[in-house]
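Residue numbers (my numbering): 239 to 595. Beta carbons are placed, not taken as given, at the ideal position from N, Cα and C, and that holds for glycine. Heads up: the structure comes next, in structure tokens.
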Amino acid sequence: MVSRETLPLLRVQGVSKQYGAEHALRSISLEVHEGEIVALLGPSGSGKSTLLRCVAGLEMPGEGDIFLREERITERPPYARGFGMMFQQFALFPHRTVAENIAFGLKMQRVATKDQLRRVEEMLALIGLPGYGQRSIFELSGGEQQRVALARSIAPRPPLLMLDEPLGSLDRTLRERLMDELRSILKSIGMTALYVTHDQQEAFAISDRLLLMNRGEKIQEGSPEQLYRHPVSRFAAEFFGLHNYLPVQTLAPATPPYQWEARTSLGSLCFTTDAPATTLLLVRPEAARLAREEDSNVITGTLHERSFRGSHYRLVTAHEGSLFLEWEVTTPQRDLPNQGDVIQLALRPDAITFLTP
Ligand code: ADP
């Protein structure tokens with residue numbers, strides 16, 4: 239018999255959904271294991287919310303099934319699934335206190351009052367707002383409101399928490415801080431979560447694993463690192479902000495420690511990758527630094543654009559054949575080349591890979 243730990247908590251099997259002629263979901267399968275945070279990532283209209291709504295029971299799949307601990311729940315109504323939800327549109331009750339908001343789900347479950355109070359205190363401590371119970375929602379900052387919304391959705395200890403763009407309405411600085419907080423809170427209580435976002439940075443920061451979607455289809459699934467390092471297609475690469483492609487003219491085994499030597503229009507590049515050999519190289523923007531005498535894997539180009547990005551400079555180099563490449567380069571300001579300069583960049587072999595076919 240398969241042990242309970244190896245069984246997925248949630249299993250989505252071949253779920254399709256059509257609205258008229260529109261295919262919102264095309265045979266999506268997904269497993270989420272206990273304690274895992276899985277992000278559904280994709281551009282607007284790719285089907286993320288529809289999938290989440292099918293899991294929540296707010297939509298019925300046209301085809302396919304949904305299982306909770308291997309029990310089929312495809313037709314089970316939302317309230318009977320007992321999942322937690324943190325959707326942008328499920329705002330807090332503005333005229334109730336923080337404690338009343340957090341206790342809402344517990345009240346619905348008819349949890350005894352003293353247990354409700356204890357749980358609310360636990361939740362306030364968890365979200366870093368001890369003593370805030372009697373405050374009104376109006377007295378809270380945007381970030382604090384978001385944390386209270388999180389506390390409200392996890393107070394009843396749902397088996398699965400679903401979050402749909404929960405940080406969508408916040409400004410960037412706050413969003414970045416809350417991404418990390420949200421992950422650490424969810425991890426600290428071992429919560430299993432499905433997290434919808436169109437923002438790759440948010441998906442990378444929050445999830446253990448992510449599912450990249452486009453036009454209702456699953457494009458790729460894996461850890462954030464896997465997807466970033468080995469995107470399966472041009473669409474996936476572009477979605478992760480990767481734009482540097484180099485056609486391979488000839489490919490040969492390289493002298494160790496490298497695995498491959500590829501001839502390209504910019505010269506020979508050596509690298510090692512576990513992706514299968516194809517005719518297109520993907521070079522990540524963090525690969526480059528201003529070349530020194532002793533460097534290998536050096537390319538030459540003209541500096542087309544440069545801009546300061548805080549932790550690094552973004553450089554765009556122009557090469558023969560209208561090829562433009564983008565780089566994130568860390569360098570002291572005094573070494574920074576000027577626009578129009580011919581520059582040499584050394585490319586780190588571990589940031590070069592084949593664009594998986
Ligand atoms: P996402 O969450 O990735 O932005 P959605 O799941 O909301 O995408 O939508 C996927 C597709 O299904 C879109 O083309 C959208 O217009 C369509 N869609 C979603 N909900 C409905 C609905 N209730 N009626 C008709 N079409 C819908």
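Kindly give me the distance between the Cβ atoms of Leu480 and Ala500, rounded to whole angstroms, as I take these residues to be in contact under 8 Å. Within the sequence shown, residue 480 is the residue found at index 242, counting from 1. Within the sequence shown, residue 500 is the residue found at index 262, counting from 1. Wrong, their Cβ atoms sit about 17 Å apart, outside the cutoff.
Whose C-alpha, out of Met298, Ile427, Tyr483, Ala526, is nearest the C-alpha of Val250? Start at 1 with the first residue of the sequence shown, and residue 250 comes out as number 12. Answer by Cα proximity: Met298.
Beta carbon shell of the ligand ADP at less than 5 Å from a heavy atom: Tyr257, Ala262, Ser282, Gly283, Ser284, Gly285, Lys286, Ser287, Thr288
Report the three-state DSSP secondary structure of Leu398 (helix, strand or coil). If you number the sequence shown from 1, residue 398 lands on position 160. Coil, per DSSP.
As assigned by DSSP and simplified to three states, the class of Glu558: Walking along the sequence shown from the start, residue 558 turns up at place 320. Glu558 falls in the coil class under three-state DSSP.
Following the continuous alpha helix (DSSP H) through Glu476, name the residue where it begins and the one where it ends. Taking the first residue of the sequence shown as 1, we reach residue 476 at position 238. Residues 472-477.
Please name the residue or residues paired with Gln354 in a DSSP beta bridge. Within the sequence shown, the letter at position 116 stands for residue 354. Per DSSP, none; premise fails for Gln354.
Buried versus exposed call for Tyr257 [16 or more other C-beta atoms within 10 Å across all chains shown]: Start at 1 with the first residue of the sequence shown, and residue 257 comes out as number 19. Classification for Tyr257: exposed.
Buried/exposed call for Val386, threshold 16 Cβ in 10 Å: What you label residue 386 is simply residue 148 of the sequence shown in a count that begins at 1. It is buried - the Cβ of Val386 has at least 16 other Cβ atoms within 10 Å.
Does the structure place the region 515-530 close enough to the region 582-592 that three or more beta carbon pairs sit under 8 Å? yes
7 Å Cβ cutoff met for Met346 and Ser391: Along the sequence shown, read from residue 1 onward, the residue named residue 346 stands at position 108. Along the sequence shown, read from residue 1 onward, the residue named residue 391 stands at position 153. No, these two residues do not count as a Cβ contact at 7 Å.
What runs of the beta strand (DSSP E), each 3 residues or longer, lie entirely inside the region 513-593? 518-521, 526-528, 536-546, 551-557, 561-567, 580-585, 590-592
If you draw a straight line from the alpha carbon of Ala525 to that of Ser407, how long is it in whole angstroms? Indexing the sequence shown from 1 puts residue 525 at position 287. Indexing the sequence shown from 1 puts residue 407 at position 169. When rounded, the distance between both Cα atoms is 33 Å.
Which first and last residues belong to the alpha helix (DSSP H) in which Asn452 is found? Taking the first residue of the sequence shown as 1, we reach residue 452 at position 214. Premise fails: Asn452 lies in the beta strand (DSSP E), 447-452, not in any alpha helix (DSSP H).
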